[in-house]
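A quick write-up on the structure given underneath.
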Amino acid sequence: KPVVNQDLWKALDRQVERHKTTWSWTKGHASHADNNRCDELASRAAHRQDRGTA
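This is the structure in structure tokens:
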């Protein structure tokens, strides 16, 4: 099965090598505080990018 957004995964992989990273699985839409915060930050960033202020 082909990998979607391969360029983004490769960029993420390069950054992970540079930093101490801990991955935690969180069930999507589980009303988990950290997941909700990530959704909020991603939405704000996308909105700023749409306005050209990112």
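If you're matching positions, the sequence shown starts at -5 in the working numbering and goes up one per residue. All residues carry an ideal CB built from backbone N, CA and C; glycine is no exception.
Q: In the DSSP assignment, find the unbroken alpha helix (DSSP H) run with Ser18 in it and report its ends.
A: It is not in any alpha helix (DSSP H) - Ser18 carries neither H nor E in the DSSP assignment.
Q: Would you give the residue range spanned by the alpha helix (DSSP H) that His26 belongs to?
A: Per DSSP, His26 belongs to no alpha helix (DSSP H) and is neither H nor E.
**Q.** Expected contact under 8 Å - CB spacing of Thr20 and Asp28 to nearest Å
**A.** 7 Å
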